[in-house]
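Working notes, structure below.
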Amino acid sequence: DHQLRVVIGTLREEALLDNTIILFTSDHGDMLGNQGLWAKRLFYENSANIPLLLVGVNGDERVGHHRVDDRLVGWRDIMPTLLDLAGIPIPETVEGLSMVGNEQREWCYCEIDEGVHATRMIRDGRYKLIYYATGNVRQLFDMQEDPQELVNLANDADHAAVLERLTGHLVSQLYNEDQAWVQDGALVGLPAREFTPGPNKGLTSQRGAHWPQPPATNMPQIEWHGDAGGNR
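Count along the sequence shown from 1, then add 1318; that gives the number in this note's numbering.
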């Protein structure tokens, strides 16, 4: 917060603030104990839903003030948005969408890691599908009724059509080695593996702990490691 204040204050002192576009975001969130997990590299909301704040130049009503927008956006949309606000044409090769105006996507695809740690996600306006290739595991959450992602609807008959629709979107986005997870149009994933927590499951070692979820009892402490000389 202090460093942001320094940047904004400097822009104001140099009479540049009114003609500066500011976009603040983050590369990831943190589980902070939710679902018994810490750290990042997961598609639960605490890890995947990041802040994105946009301030346009003074008087640009395309951005406006005190406005909250719940459209599905991602990092790919930052460049076309900034180009649009700056009055620069957006190249046709750009995959992202400008956040200026009302254009929006119906769903988005996201990916984390490769091989046995690969996790993929499809999110539309209401539902989220998380796919763990190892074990061929799917989780389906109703983000409207279950924002804390506590009820997996993947095996719920009433949501079979939703699961099939989002799975179809997922399969359509797979490429390179991920395509081996599909046989005859159906997801088969990778063989299941037994999950064995490592000797240190403190906060420092939980990056990339995917599926199955580590037991929450292994999470409370940080274990510090010394160097060869015994220093810590």
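Even for Gly, the Cβ is constructed at its ideal location relative to N, Cα and C.
Using the C-alpha atoms, what's the distance from arginine 1423 back to valine 1500?
25 Å
Which residues bound the beta strand (DSSP E) around arginine 1456?
1455-1460
Could you work out which residue in Met1417, Ser1344, Ala1472, Met1439 is closest to leucine 1360 when comparing CA atoms only?
Met1439
Given a cut-off of 8 Å on the beta-carbon distance, is the pair leucine 1390 and leucine 1341 in contact?
no
Alpha carbon to alpha carbon, what distance is there between leucine 1334 and threonine 1485?
48 Å
So, does the region 1395-1410 touch the region 1448-1455, judging by three or more C-beta pairs under 8 Å?
no
Roughly how many whole angstroms lie between the Cα atoms of glycine 1351 and leucine 1468?
14 Å
With DSSP as the reference, label methionine 1439 as helix, strand or coil.
strand
Tell me whether threonine 1437 is buried or exposed, calling it buried when 16 or more other Cβ atoms sit within 10 Å of its Cβ.
buried
Measuring straight from C-alpha to C-alpha, what distance separates aspartate 1442 and tryptophan 1425?
4 Å
Helix, strand or coil for glutamine 1422, going by three-state DSSP, please let me know.
coil
Residue span of the alpha helix (DSSP H) that contains isoleucine 1326, given as start and end
1320-1331
In the DSSP assignment, what are the bridge partners of isoleucine 1340?
Val1373
Let's see if you can read the secondary structure: which residues bound the beta strand (DSSP E) around isoleucine 1396?
Looking at the DSSP string, isoleucine 1396 is not in any beta strand (DSSP E); the run it does join, the alpha helix (DSSP H), is 1396-1403.
Near asparagine 1494, which residues of its chain fall below 7 Å by C-beta distance, leaving aside the five closest residues on each side in sequence?
none
CA-CA distance, leucine 1505 and leucine 1355?
27 Å
For alanine 1504, which three-state DSSP category applies?
strand
Separation of glycine 1382 from glutamate 1541, as counted between CA atoms
Residue confidence for glutamate 1541 is low, a pLDDT of 42 falling below 50, so the modelled location carries little weight; the figure read from the coordinates is stated next. So the two alpha carbons sit approximately 47 Å from each other.
Can you find the residues in the same chain that come closer than 8 Å, C-beta to C-beta, to isoleucine 1368, ignoring five residues on each side of it along the sequence?
Thr1343, Ser1344, Asp1345, His1346, Gly1347
Suppose the cutoff is 6 Å on Cβ atoms and the five residues either side in sequence are ignored; what does the same chain contact list for glutamate 1410 look like?
none
Run through the DSSP bridge pairs and tell me what threonine 1452 is partnered with.
Leu1508
Own chain, CB closer than 6 Å to threonine 1338, minus 5 neighbours either side, in chain order
Leu1329
For glycine 1374 versus leucine 1403, is the C-beta spacing smaller than 8 Å?
yes
Taking a contact to mean a Cβ-Cβ separation below 8 Å, would you say arginine 1380 touches valine 1418 in this structure?
yes
Cβ-Cβ distance between arginine 1483 and methionine 1461 below 8 Å
no
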